[in-house]
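Protein sequences, first through last, are from chains Y and H. For what it's worth, our numbering labels the leading residue of the first sequence as 1, then goes sequentially. For what it's worth, our numbering labels the leading residue of the second sequence as 1, then goes sequentially. The structure under discussion appears below in the form of structure tokens.
Protein chains: 2
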Amino acid sequence: MSLVVVGSVAFDSIETPNGALENALGGSAVHFSMAASYFGEVRLVGVVGEDFPDSHRQLLSSRGICLDGLEVVEGGSTFRWSGKYFDDMDHRETLSVDLNVFENFKPDLPATYRDTGFLFLGNGAPVTQASVLDQVSASPFTVVDTMDLWIDIARPDLESLLARVDALVLNDEESQQLSGEKNVVLAGRKIRSMGPRYVIIKRGQHGAMISHEGGEVTLPALPLASVVDPTGAGDSFAGGLMGCLMKSGRTDLTGIKVAVAWGTVTASFCCQGFGVEGLKEINAEDLQDRFESYKNMLELDSVEIPQII
Amino acid sequence: MSLVVVGSVAFDSIETPNGALENALGGSAVHFSMAASYFGEVRLVGVVGEDFPDSHRQLLSSRGICLDGLEVVEGGSTFRWSGKYFDDMDHRETLSVDLNVFENFKPDLPATYRDTGFLFLGNGAPVTQASVLDQVSASPFTVVDTMDLWIDIARPDLESLLARVDALVLNDEESQQLSGEKNVVLAGRKIRSMGPRYVIIKRGQHGAMISHEGGEVTLPALPLASVVDPTGAGDSFAGGLMGCLMKSGRTDLTGIKVAVAWGTVTASFCCQGFGVEGLKEINAEDLQDRFESYKNMLELDSVEIPQII
Numbered sequence: 001m002s003l004v005v006v007g008s009v010a011f012d013s014i015e016t017p018n019g020a021l022e023n024a025l026g027g028s029a030v031h032f033s034m035a036a037s038y039f040g041e042v043r044l045v046g047v048v049g050e051d052f053p054d055s056h057r058q059l060l061s062s063r064g065i066c067l068d069g070l071e072v073v074e075g076g077s078t079f080r081w082s083g084k085y086f087d088d089m090d091h092r093e094t095l096s097v098d099l100n101v102f103e104n105f106k107p108d109l110p111a112t113y114r115d116t117g118f119l120f121l122g123n124g125a126p127v128t129q130a131s132v133l134d135q136v137s138a139s140p141f142t143v144v145d146t147m148d149l150w151i152d153i154a155r156p157d158l159e160s161l162l163a164r165v166d167a168l169v170l171n172d173e174e175s176q177q178l179s180g181e182k183n184v185v186l187a188g189r190k191i192r193s194m195g196p197r198y199v200i201i202k203r204g205q206h207g208a209m210i211s212h213e214g215g216e217v218t219l220p221a222l223p224l225a226s227v228v229d230p231t232g233a234g235d236s237f238a239g240g241l242m243g244c245l246m247k248s249g250r251t252d253l254t255g256i257k258v259a260v261a262w263g264t265v266t267a268s269f270c271c272q273g274f275g276v277e278g279l280k281e282i283n284a285e286d287l288q289d290r291f292e293s294y295k296n297m298l299e300l301d302s303v304e305i306p307q308i309i
Numbered sequence: 001m002s003l004v005v006v007g008s009v010a011f012d013s014i015e016t017p018n019g020a021l022e023n024a025l026g027g028s029a030v031h032f033s034m035a036a037s038y039f040g041e042v043r044l045v046g047v048v049g050e051d052f053p054d055s056h057r058q059l060l061s062s063r064g065i066c067l068d069g070l071e072v073v074e075g076g077s078t079f080r081w082s083g084k085y086f087d088d089m090d091h092r093e094t095l096s097v098d099l100n101v102f103e104n105f106k107p108d109l110p111a112t113y114r115d116t117g118f119l120f121l122g123n124g125a126p127v128t129q130a131s132v133l134d135q136v137s138a139s140p141f142t143v144v145d146t147m148d149l150w151i152d153i154a155r156p157d158l159e160s161l162l163a164r165v166d167a168l169v170l171n172d173e174e175s176q177q178l179s180g181e182k183n184v185v186l187a188g189r190k191i192r193s194m195g196p197r198y199v200i201i202k203r204g205q206h207g208a209m210i211s212h213e214g215g216e217v218t219l220p221a222l223p224l225a226s227v228v229d230p231t232g233a234g235d236s237f238a239g240g241l242m243g244c245l246m247k248s249g250r251t252d253l254t255g256i257k258v259a260v261a262w263g264t265v266t267a268s269f270c271c272q273g274f275g276v277e278g279l280k281e282i283n284a285e286d287l288q289d290r291f292e293s294y295k296n297m298l299e300l301d302s303v304e305i306p307q308i309i
């Protein structure tokens, strides 16, 4: 099974109460790929400028990530983002955005990428995301991410896109904005009625909820004593999720549930380092060990209540 | 195994966006007992006035709850509380409190209650809670509840009490207030250092976290499409939790974990009706069915990641 990701490649500058990072490798396609790379080959589609250094390419290649779809714009500059986290690490503000070459990004899938089993469309304009669906030859299992901006300014495009995809991942606030429902269960159901078989609502330190045809599944996050930098946690979550799908090939509820669990585990590593550091400095065994702990944490013994009254 | 609960018995008046209820049976000992009654005999210690009607006694007795410890103060009035929930159902304001006979409540355990395996000390002044510990002859597994008021005005008493109990249940905000830590994991660890083997932090719709000697366990809440009235959910949670402990007799981490799961299940029924209605109109099979669904929801398949890179 193969996995294609289309998204941003960026230089991130991040301030947190624990320290700061300048011009570090980031972007949705990067965080996603780093997480998914533990499960098999990831094929990346993105765009950078001439300022994108070889060392970053080498890091991605060393994780087996295919960069045939990484376009370099001559004379262009790579997308830059800077942001600052507040003390609670749950909220942040964007300090600056320089879209640069990402502003006119028109994803162009290499011929070898077009027949893929799994496709992730990172956060971007819904029309751009839809243009990728027009290029794939098979019918990949497609997961899409979005954000408040597109719900706000491109809702009709987003709704057209949702009718064509298998799953949407978004956060709690975005789910409320898109559905108009405050209750997370009702929000999931309403968004599912727009098309996706699965709606996966990310709830930060509180875990994630899957809305599916038969109901809802909630899974907790891993309890973390410290969060160094949550940047990229959502994309790492999606990367672990789709990496697991690529490996298992199972897209029924059982498969999606274990994939969300893997997303939870990869996101937890992402949060424990600055930028991509958290996912760079581990190996497959570290991930597998944490997954087993998570699985065990959720295993419950049976206790039958007496039928006395 | 036997289970004793010491707490309030009250008349509650509740306003919610879904409707209102006047002078309904409530109080921590009542909600706790209703939830725990599905697991075996609960022995209640509380106080009411002459205005407490026989119909309420009959309801509790019909659930096998022993009322030998329910004191009636001649000429006195029962504790009354009224509150109003905001639209999100996560927050409420207290409109009025008439402590009445509860103000001078000095719990006096009947002789038959003193040798108990499990003891729950519902929210109250820490010195009053401690006076119960002085009356028990054996060394019961003791769980205590508290609230912001006592952390604020009676911290030394509360800390003395915590050194004598096995577990504390409290909510997210209270855990931050008591520990001075914003991170839930660190909050749990700091409170555990005050004495209790287990600190169980309730997080409303986000589930609960257990802090224990070996680390932390997070369990999600059940996804509910509608919450009718959350009054008593915390005490129902504690009731299901301790009912399970009474039934299983297991107080190791495995036993506590499944007990928290049962607490989660009983609390979910509590939220689905006004006052005690949610837990009154079900039977053991309804509880068992929902527990099995919850257990299945959390079961994960194994997916091994390839050790390729």
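Glycine included, every Cβ here is placed at the ideal spot set by N, Cα and C. Keep in mind the model is a prediction, meaning the values are calculated, not measured.
Could you check which residue in Q272/H, P306/H and V265/H has the C-alpha nearest to that of V303/Y? In the first sequence, residue 303/Y corresponds to position 303, counting from 1. The candidate whose alpha carbon is nearest that of V303/Y is V265/H.
Going by DSSP in three states, G124/H sits in which element: helix, strand or coil? For the purposes of this step, residue 124/H is identified with residue 124 of the second sequence, where counting begins at 1. Coil at G124/H, not helix or strand.
Assuming the contact rule is C-beta atoms closer than 8 angstroms, F105/H and V47/H should be a hit. Round their C-beta distance to whole Å, please. Here the question's residue 105/H lines up with position 105 in the second sequence. Here the question's residue 47/H lines up with position 47 in the second sequence. Yes, they are in contact, since the Cβ atoms of F105/H and V47/H sit about 5 angstroms apart, within 8 angstroms.
Does chain H have any CB closer than 7 angstroms to the CB of M297/Y? Here residue 297/Y is taken as the residue at index 297 of the first sequence, counted from 1. Yes, M297/Y lies at the interface with chain H (some Cβ there is under 7 angstroms from its Cβ).
Members of the stretch 67-82 of chain Y that neighbour chain H once the beta carbon cut-off is set at 9 angstroms: none
Out of V276/Y, V4/Y and E277/Y, which one is the CA nearest neighbour of S139/Y? Counting from one through the first sequence, the residue named residue 139/Y turns up at place 139. S139/Y has its Cα closest to that of V4/Y, out of V276/Y, V4/Y and E277/Y.
Since L70/Y sits in a beta bridge, which residues does DSSP pair it with? On the first sequence, position 70 is the one that residue 70/Y refers to. Note: L70/Y sits in a beta bridge opposite G46/Y.
Give the range of the beta strand (DSSP E) segment to which L168/H is assigned. Counted from its first residue, the second sequence places residue 168/H at position 168. Where L168/H is concerned, the enclosing beta strand (DSSP E) stretches over A167 to N171.
Name the residue from I151/Y, G278/Y and V101/Y whose alpha carbon lies nearest to the alpha carbon of F52/Y. Indexing the first sequence from 1 puts residue 52/Y at position 52. Minimum Cα distance to F52/Y is reached at V101/Y.
For the stretch 242-267 of chain Y, list every residue whose C-beta sits within 9 angstroms of some C-beta in chain H, in sequence order. G243, C244, K247, S248, R250, T254, G255, K257, V258, A259, A261 and W262
Per-residue burial, I153/Y [other beta carbons within 10 Å of its own, 16 or more giving buried]: Counted from its first residue, the first sequence places residue 153/Y at position 153. Its Cβ having fewer than 16 others within 10 Å, I153/Y is exposed.
To the nearest angstrom, how far is the alpha carbon of S13/Y from that of L59/Y? Here residue 13/Y refers to the residue found at position 13 when the first sequence is read from its first residue. Here residue 59/Y refers to the residue found at position 59 when the first sequence is read from its first residue. Each residue's Cα considered, the two are about 19 angstroms apart.
Would you call G240/H buried or exposed, if buried means 16 or more other Cβ atoms sit within 10 Å of its Cβ? Your numbering for residue 240/H matches position 240 in the second sequence. Under this definition G240/H is a buried residue.
If you pair each beta-carbon of the stretch 289-297 of chain H with each one of the stretch 255-269 of chain H, do three or more pairs fall below 8 angstroms? yes
Spatial neighbours of L253/Y in its chain, beta-carbon cut-off 6 angstroms, leaving aside the 5 residues before and after: For this step, residue 253/Y is matched to residue 253 along the first sequence. These residues qualify, in order along the chain: H212.
In whole angstroms, what is the alpha-carbon distance linking F39/Y and Q205/Y? Your numbering for residue 39/Y matches position 39 in the first sequence. Your numbering for residue 205/Y matches position 205 in the first sequence. Their backbone Cα atoms lie some 24 angstroms apart in a straight line.
Grab the span of the beta strand (DSSP E) containing G207/H for me, first residue to last. Translated into positions along the second sequence, residue 207/H becomes position 207. G207/H -> no beta strand (DSSP E), and no H or E assigned at all.
Quick one: list the residues of chain Y neighbouring L178/H, beta-carbon separation under 7 angstroms, in chain order. Position 178 of the second sequence, counting from 1, holds the residue named residue 178/H. None at all; the shortest Cβ gap to chain Y is about 17 angstroms.
Would DSSP call F269/H helix, strand or coil? Mapped onto the second sequence, residue 269/H falls at position 269. If DSSP states are grouped into helix, strand and coil, F269/H belongs with the helices.
Where L224/H meets chain Y, residues with beta-carbon distance less than 7 angstroms: To locate residue 224/H, count along the second sequence from 1; it is residue 224. Near L224/H (Cβ distances below 7 angstroms), the residues of chain Y are V185.
Among L161/Y, M297/Y and H31/Y, which has the Cα closest to the Cα of V143/Y? Numbered from its first residue, the first sequence carries residue 143/Y at position 143. For the residues L161/Y, M297/Y and H31/Y, the minimum Cα distance to V143/Y belongs to L161/Y.
What are the boundary residues of the alpha helix (DSSP H) that L149/H is part of? The residue given as residue 149/H occupies position 149 in the second sequence. Segment D148 to I153, the alpha helix (DSSP H) holding L149/H.
Nearest to V127/H (by Cα), restricted to the options G180/H, P107/H and I305/H: Residue 127/H sits at position 127 when you count from the first residue of the second sequence. Ranking G180/H, P107/H and I305/H by Cα distance to V127/H puts P107/H first.
Rounded to whole angstroms, what's the CA-CA distance from G215/Y to V227/H? Just pull it up for me. On the first sequence, residue 215/Y is found 215 positions in, with the first residue counted as 1. On the second sequence, residue 227/H is found 227 positions in, with the first residue counted as 1. Whole-angstrom Cα-Cα distance: 16 angstroms.
CA nearest to the CA of V9/Y, picked from S175/Y, L44/Y, E15/Y and T16/Y: Taking the first sequence and counting its residues from 1, the one referred to as residue 9/Y is at position 9. Considering only alpha carbons, the answer is L44/Y.
Suppose you measure from the CA of A29/H to the CA of L121/H; what does that come to, to the nearest Å? Translated into the one-based positions of the second sequence, residue 29/H becomes position 29. Translated into the one-based positions of the second sequence, residue 121/H becomes position 121. Rounded to whole angstroms, A29/H to L121/H spans 9 angstroms at the Cα level.
Does H31/H pass the burial test, meaning 16 or more other C-beta atoms within 10 Å, or should it be called exposed? Counted from its first residue, the second sequence places residue 31/H at position 31. By the 10 Å Cβ count, H31/H comes out buried.
Which residues share a DSSP beta bridge with L21/Y? Within the first sequence, residue 21/Y is the residue found at index 21, counting from 1. Answer is I14/Y.
Which residues, taken in chain order from the stretch 197-217 of chain H, show a beta carbon closer than 8 angstroms to some beta carbon of chain Y? R203, Q205, H206, G207, M209, G215, E216 and V217
Pick helix, strand or coil for E41/H, following the three-state DSSP scheme. The sequence position of residue 41/H within the second sequence is 41, counting from 1. Three-state result, E41/H: coil.
Threshold first: 4 residues or longer. Then list the alpha helix (DSSP H) segments lying entirely within the stretch 179-208 of chain H, N to C. 184-192
If we count the other Cβ atoms within 10 Å of its Cβ and call it buried at 16 or more, is A111/H buried or exposed? Your numbering for residue 111/H matches position 111 in the second sequence. The residue is exposed, with fewer than 16 neighbouring Cβ atoms inside 10 Å.
Three-state secondary structure (DSSP) of K106/Y: The residue given as residue 106/Y occupies position 106 in the first sequence. K106/Y falls in the coil class under three-state DSSP.
Same chain, Cβ closer than 6 angstroms to Y85/H, neighbours up to 5 away in sequence not counted: For the purposes of this step, residue 85/H is taken as the residue at position 85 of the second sequence. Same-chain partners within the cutoff: T16 and R92.
Which residue from L300/H, L279/H, N296/H and I305/H puts its Cα closest to that of S62/H? Here residue 62/H refers to the residue found at position 62 of the second sequence. Of the listed residues, the one whose Cα sits closest to S62/H is L279/H.
Looking only at C-alpha atoms, which of Q176/H, F274/H, V165/H and Y113/H sits nearest to G195/H? Your numbering for residue 195/H matches position 195 in the second sequence. For the residues Q176/H, F274/H, V165/H and Y113/H, the minimum Cα distance to G195/H belongs to V165/H.
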